[in-house]
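What follows is a short report on a single structure.
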Amino acid sequence: MTDKKAGENRATGSPLAIQLKSISKSFGLVRANRNVDLSVEAGTIHGIIGENGAGKSTLMNILYGLHRADSGEFWVNGEQTAIRSSADAIGLGIGMVHQHFMLVPNFSVIENVMLGTEGGSLLKNGRAATRKTLESLGSNYGMTVDPEALVSELPVGLQQRVEIIKALKGGAKILILDEPTGVLTPHEAQQLFEILKVLRDDGVTVLLITHKLAEIMAITDNVSIMRAGEMVGHRKTSETSPQELAELMVGRSVLLSVDRGEAKPGEVLMSVDNLGCRSASEQKLLSEMSFDVRGGEILGVAGVAGNGQSELLEILTGMRSASSGTIEVLGKTITAADPKDPKAVRAMGVGHIPEDRHHHGLILEFEAQENIVLGQHDGPLAGKGRLLDNKAITAHCSSLMDTYDVRPTNPQLRAKNFSGGNQQKLVIARELSANPKVLIVGQPTRGVDIGAIEFIHKELIALRDAGCAILLVSVELDEIMGLSDRIMVMNAGQQVGILDREDASEQKLGLMMAGLSADQAA
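For what it's worth, my numbering labels the leading residue of the sequence shown as 2, then goes sequentially.
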């Protein structure tokens, strides 16, 4: 319980930075939030977790003024207030770092941070003040970043840092972060956590939206759990467990580890020999990559993001041409001199779950049923004549949405209107329903909640057991170790080594990811 007048948590006597009371929000017939209550103690890191579509991002967008609540009360630092716009929220000291950054790529860091506070048409005063702010935040919170660097040339972790700096420069003492580690490497995520701890110790209140239970347990002081638009629980982090949180999120018991039997590898379905790739400026991106993938096995690819994994996926799926080497797929050969486009590779029996579902997996403005037949739209699935059989496509999409638990089950809904996890399920439903003989998978559970992760892992294991050869790239080391039968480690565009599952450990893989050979890591 909380004291309405004093704005304190009665149980602890701690002052409350935020109180939300009976917040409700609907979008048409969809109830995104239903009578949600939330109390956040000042100077703490408060986690908000739930499945994709649970309403947590909507709730935070309401708090930041991007959506207007249909009903409910807002209390900030013990005072009742109204939040009708982001300007209202910023005026109350609330800042937000969105999952998809709101930066101008062609502007420098200092230009992005000073937007809206230019200090006059000549920009001199605003630029000088912004530079001082960057220096101060860099020294106080360990958020050093080159003021003159172009945002487009910064790694994702530093781009996120610029977003946090923008919020703090605007006077934020309450900072909302929406799925902040979804695009970060493990090292970048750890750097972010260290920054958040320093901010908390300096009195900043942090609201952390995430679906990663390990992050909740590692970084938060308190956690609130949402399910189907409602708040279903509040816990002190030190007094709960990942299993309890998972069950509250999903509403049932959840298997947190991968349930898998032993692989039964068959014949080689994909063989890569001496594969190399150079950029347009002749920079070496891949060199001397050689490996096989057998039917009935998952070959995991481990490595820090940016070490050639993306280029490898693009070459194997026909999105990029190799500079050297050969690829044998189901008895057919692809060479640097005779490359194949994605359509030809798909026709060979290769499925592809891309790393970036927004740019390569879906057309966001298309309906779900249109996306579900992409790559198959000229086959019998979409109709026998020259025109698409829309009735058959709708029925096919509805069936897959039921099978793969895509919510809402609305084939006519545009892809952009699904949550990230349900967008990913659409991609997986399309690719797996085509019964590929070889499946190339990039970051299958990026930005996906715990219930969907369990489902996706089960589907990949089932496909492996059906005889498919799967190449899996993931920056989540737990995922690689949980799913893979063999693990190939990459560093600087090269293959460091391949380990059998039973020979791999987190420490050994980590050392190999840093460039040590398997023998040196051992």
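Even glycine gets a Cβ: it sits at the ideal position worked out from N, Cα and C.
Where DSSP assigns a beta bridge to residue i, which residues make up the other side?
i: Asp501; result: Arg487
i: Met227; result: Gly51 and Met232
i: Phe28; result: Val31
i: Ser272; result: Asp293 and Glu329
i: Ser109; result: Leu151
i: Ile441; result: His353 and Leu472
i: Pro16; result: Glu9
Leaving aside the five residues before and after residue i along the sequence, list all residues of the same chain whose C-beta is less than 6 Å from its C-beta, in chain order.
i: Ser325; result: Gly277 and Ala337
i: Ile335; result: Ile328 and Lys341
i: Gln66; result: The question names Gln, yet the displayed sequence has Gly at residue 66. Answer for Gly66: Ile84, Ser86, Ser87, Asp89 and Ala90, listed in chain order.
i: Lys6; result: Because Lys6 sits at a pLDDT of 47, beneath the cut-off of 50, its placement in the model cannot be relied upon, and the point is left open.
i: Ile299; result: Arg465, Ile471, Leu473, Leu484, Ser485 and Asp486
i: Thr82; result: Phe75
i: Gly230; result: Arg32, Ala33, Asn34, Arg35 and Gly56
i: Thr145; result: Gly139
So residue i is in the alpha helix (DSSP H); what residue range does that whole segment cover?
i: Ala522; result: Ala519 to Ala522
i: Gly171; result: Neither: Gly171 is in no alpha helix (DSSP H) and is coded neither H nor E.
i: Met97; result: Counting along the chain, Met97 falls outside any alpha helix (DSSP H), though it belongs to the beta strand (DSSP E) covering Ile95 to Val98.
i: Gly204; result: Note, Gly204: premise wrong, no alpha helix (DSSP H); not H, not E.
i: Gly73; result: Here Gly73 belongs to no alpha helix (DSSP H); instead the beta strand (DSSP E) covers Ser72 to Val77.
i: Phe456; result: Ile451 to Asp466
i: Leu510; result: Glu507 to Met514
i: Glu240; result: Unbroken run through Glu240: none, as it is neither H nor E.
i: Ala404; result: The question names Ala, yet the displayed sequence has Thr at residue 404. Asn391 to Thr404 is the span of the alpha helix (DSSP H), which, as asked, contains Thr404.
i: Glu539; result: The structure shown does not extend to residue 539, since the chain is modelled only from 2 through 523, so no value can be given for it.
Hey, quick one: how far does the beta strand (DSSP E) through residue i stretch, first residue to last?
i: Val334; result: Sequence inspection shows Thr at residue 334; the Val mentioned does not correspond to that position. Lys333 to Thr336 is the extent of the beta strand (DSSP E) around Thr334.
i: Ile175; result: Ile175 to Asp179
i: Ile84; result: Note, Ile84: premise wrong, no beta strand (DSSP E); not H, not E.
i: Ser153; result: Neither: Ser153 is in no beta strand (DSSP E) and is coded neither H nor E.
i: Ser420; result: That residue, Ser420, is in no beta strand (DSSP E); it is neither H nor E in DSSP.
To which residues of the same chain is residue i closer than 8 Å at the C-beta, ignoring the five residues directly before and after it?
i: Gly350; result: Val330, Leu331, Pro437, Lys438 and Val439
For residue i, I'd like the list of residues in its chain whose CB is within less than 7 Å of its CB, leaving aside the five on either flank, ordered along the chain.
i: Thr59; result: Lys26, Ala33, Asn34 and His68
i: Glu366; result: Arg415 and Lys417
i: Gly94; result: Gly172, Ala173, Lys174 and Ile175
i: Ala435; result: Gly352 and Gln377
i: His359; result: Leu365
i: Leu314; result: Glu356, Ile441, Gly443 and Val474
i: Val195; result: In the sequence on display, residue 195 carries Glu and not Val. Gly143.
State yes or no: is the beta carbon of residue i nearer than 7 Å to at least one beta carbon in chain C?
i: Glu477; result: The structure shown contains no chain C, having only a single protein chain.
Consider the C-beta atom of residue i and the heavy atoms of the ligand HEM; say whether any pair is separated by less than 6 Å.
i: Val374; result: Annotation note on the ligand HEM: not contained in the displayed structure, which lists no ligands.
Does the segment 186-206 come close enough to the segment 137-154 that 3 or more CB-CB pairs lie under 8 Å?
yes
Beta strand (DSSP E) segments (min. 3 residues) lying fully within the segment 31-58:
31-42 and 46-51
Those runs of the beta strand (DSSP E) which lie wholly inside the segment 295-328 and span at least 3 residues
298-303
Any contact between the segment 281-295 and the segment 239-253? By contact I mean 3 or more CB pairs, one from each, below 8 Å.
no
Meets three-Cβ-pair contact criterion under 8 Å: the segment 466-477 and the segment 499-519:
no
I'd like to know if the segment 362-376 and the segment 409-419 are in contact, where contact means that at least 3 CB-CB pairs between them fall below 8 Å.
yes
Inter-stretch contact (C-beta, 8 Å, three-pair minimum) for the segment 208-228 and the segment 445-459
yes
Are the segment 152-161 and the segment 101-111 touching by the rule of at least three beta carbon pairs closer than 8 Å?
yes
Validate contact between the segment 223-237 and the segment 161-169 using beta carbons, cut 8 Å, 3 pairs:
no
Quick one: any contact between the segment 44-55 and the segment 391-404, if contact means 3 or more CB pairs under 8 Å?
no
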